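These notes are about the structure you will find just below.
There are 2 protein chains.
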Amino acid sequence: MIDDDADVRGGLTRLLRSAGWIVDAYAAAQDFLEKATCDGVGCILLDVSMPRMSGPELHDQLRARGSRLPVIYLTGHGTVSLGVNAMRHGAFDFIEKPADADALLRVVNDAVTKREQASAQESELDELRRRLARLSPREHEVMNHVIQGRLNKQIAADLNIGVKTVKVHRGRVMAKMKVRSVAQLVHLCDALGAA
Amino acid sequence: MIDDDADVRGGLTRLLRSAGWIVDAYAAAQDFLEKATCDGVGCILLDVSMPRMSGPELHDQLRARGSRLPVIYLTGHGTVSLGVNAMRHGAFDFIEKPADADALLRVVNDAVTKREQASAQESELDELRRRLARLSPREHEVMNHVIQGRLNKQIAADLNIGVKTVKVHRGRVMAKMKVRSVAQLVHLCDALGAA
DNA sequence: TCGCCTATGGGATCATGGTCCCATATCGCC
DNA sequence: GGCGATATGGGACCATGATCCCATAGGCGA
């Protein structure tokens, strides 16, 4: 949670801790950027207007860093366009202070739940990316042809190598990607490409 | 465009027509629901507060009908939560009246462009769905096994039929789906499943 | 009733892919 | 200089899939 108002920080921290959440409070966007890891699960409660770096500016920075933590804006002086723009930039919610405690806790819970689900999917994709990274350049090249349904002889012609060599690479690709059929290989690559 | 204020309808219609757009104006949500087709390209300019059915209510109805036209809200008395909720429900934008003419035209242009791109993708998927619909139940069943990488003998065992019969179905699936390899078949099915 | 679609299958043949064994050559690194 | 990773390839063999022609049987609508 990032808010320049110490009273707000204190109140929110108590509320969230009473609901069982682990809370880190920051008084400025810079503090958060320097200390927070942005990995793991959780969510970010973010004030809109703060000195030096505003909430939306911090949100931009986080996106640039690849953070996928859901951001819930909390603001005391929000305007329609501020809220709309925040949502368009991928905020999870945009709430006006003073926020209803139950509503806030519900939103936090939804955000963390969503993040947990996304995190589970991403860890699967990371495992796939690790396997993909173990492929040699040639194997990767052969794989790209295989998942397009090209025959060994066609691949061999395109790469100016023998059909036998294609078979060797192909077999290694299947082993390194831990699949036993072309169909499963295509599924994996589609999952990686869609993400 | 749906707005209960005749002056707004007139002004917006003139502005949009001067920019080359084809405009249909409706005074009430019900009129739009009855007359509009909601297919093709374009976008919807929607007032928030109207008698009988509000803008968000109409938006809900449109989603229920499967409309994918981008919705741009226009409102004279918007609140933060109205705007945020509209965006969370999939609105393309939420603009306060009086809107800057250039900004409005830019948003309309963006929305229509986005819709055109989405429409092109959907027409491809529709073509695939048509092919899929031509499969007999048995062929569909066999295809589901094939795209999981199962061998003909395994499929035959699961379905309690001969390997030869599986080959026949399989060949017909490939022909009807217009693909020449298992890899391409999996690509198509993944594209359909992801959409 | 006749014709069409669907599902089922036999038999033969060919192309393709997968998997063993083996070998050579290059490159970078300790 | 040797060692491991990578790329290349031969030969043999088997499993699998694709493609012909052929046949039977049930259901369903004109």
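From first to last, the protein sequence lines are chains V and F.
The first sequence maps to residues 1 to 195 in this note's numbering.
The second sequence maps to residues 196 to 390 in this note's numbering.
Where a beta carbon is used, it is the ideal one built from N, C-alpha and C, also for glycine.
From a predicted model like this one, the values you see are computed outputs, not experimental measurements.
Legend entry - Close beta carbons around F:A220, own chain, < 7 Å, minus the five adjacent residues each side: Along the second sequence, read from residue 1 onward, the residue named residue 220 of chain F stands at position 25. Setting aside the 5 residues that flank it on each side, F:A220 is surrounded in the same chain by M196, R204, T208, each with a C-beta closer than 7 Å to its C-beta; the list follows chain order.
Legend entry - Residues near F:A224 in its chain [Cβ-Cβ closer than 8 Å; skip 5 each side]: Translated into positions along the second sequence, residue 224 of chain F becomes position 29. So the list reads I197, M245, R247, M248, S249, G250, E252, L253, Q256, once near-sequence residues are dropped.
Inset, instruction - Check each candidate in V:G40, V:A27, V:A99, V:K153 and name the one with the smallest Cα separation from V:L15. - result: By 1-based counting over the first sequence, the position of residue 15 of chain V is 15. Nearest in C-alpha terms to V:L15, of all of V:G40, V:A27, V:A99, V:K153, is V:A99.
Inset, instruction - Under the assumption that V:V166 contacts V:N152 (Cβ atoms under 8 Å), give the Cβ distance between them as a whole number of angstroms. - result: Walking along the first sequence from the start, residue 166 of chain V turns up at place 166. Walking along the first sequence from the start, residue 152 of chain V turns up at place 152. Yes, they are in contact, since the Cβ atoms of V:V166 and V:N152 sit about 5 Å apart, within 8 Å.
Inset, instruction - Starting from the C-beta of F:V236, find all residues in its chain whose C-beta is less than 7 Å away, skip the five residues before and the five after it, and write them out in chain order. - result: Walking along the second sequence from the start, residue 236 of chain F turns up at place 41. Hits under 7 Å: V307, R310, E311, S314.
Inset, instruction - Within the same chain, show all residues whose beta-carbon is closer than 6 Å to that of F:G271, passing over the 5 residues directly before and after it, in chain order. - result: Here the question's residue 271 of chain F lines up with position 76 in the second sequence. Closer than 6 Å at the Cβ level, and outside the excluded window around F:G271, lie K292.
Legend entry - Buried versus exposed call for V:A91 [16 or more other C-beta atoms within 10 Å across all chains shown]: Mapped onto the first sequence, residue 91 of chain V falls at position 91. Answer is buried; the Cβ neighbour count reaches 16.
Inset, instruction - Could you tell me which residues DSSP pairs with V:V71 in its beta bridges? - result: Reading the first sequence from its first residue, position 71 is the one you call residue 71 of chain V. Note: V:V71 sits in a beta bridge opposite V:I44.
Inset, instruction - In the DSSP assignment, find the beta strand (DSSP E) that holds V:T94 and state where it starts and stops. - result: Along the first sequence, one-based indexing puts residue 94 of chain V at 94. Before going further, note that residue 94 of chain V is Phe rather than Thr in the sequence given. Annotation: the continuous beta strand (DSSP E) that includes V:F94 extends over 93 to 96.
Inset, instruction - Compute the distance between the beta-carbons of F:V279 and V:V84, then report whether it is under 9 Å. - result: If you number the second sequence from 1, residue 279 of chain F lands on position 84. If you number the first sequence from 1, residue 84 of chain V lands on position 84. The answer is yes: Cβ separation under 9 Å.
Legend entry - Neighbour-count burial assignment, V:L46, 16 or more Cβ in a 10 Å radius: Counting from 1 along the first sequence, the entry for residue 46 of chain V is found at position 46. Counting C-beta atoms within 10 angstroms of its own C-beta, V:L46 has 16 or more neighbours from the protein chains shown and is therefore classed as buried.
Inset, instruction - Would you please verify whether the beta carbon of F:Q312 is less than 9 Å from any beta carbon of chain V? - result: Translated into positions along the second sequence, residue 312 of chain F becomes position 117. So, not an interface residue.
Inset, instruction - Quick one: list the residues of chain V neighbouring F:V377, beta-carbon separation under 9 Å, in chain order. - result: Within the second sequence, residue 377 of chain F is the residue found at index 182, counting from 1. For F:V377, the chain V residues whose Cβ falls inside 9 Å of its Cβ are G149, S181, V182, A183, V186, in order along the chain.
Legend entry - Cβ of V:G83 within 9 Å of any chain F Cβ: By one-based count along the first sequence, residue 83 of chain V stands at place 83. Against chain F, the CB of V:G83 has a partner CB under 9 Å away; the residue lies at that interface.
Inset, instruction - Determine, using beta carbons only, whether F:V307 comes closer than 9 Å to chain V. - result: Start at 1 with the first residue of the second sequence, and residue 307 of chain F comes out as number 112. False, the Cβ-Cβ gap to chain V never drops below 9 Å.
Legend entry - Contact check, F:E334 vs F:H382, beta carbons under 9 Å: By 1-based counting over the second sequence, the position of residue 334 of chain F is 139. By 1-based counting over the second sequence, the position of residue 382 of chain F is 187. Cβ distance not < 9 Å, so F:E334 and F:H382 don't count as in contact.
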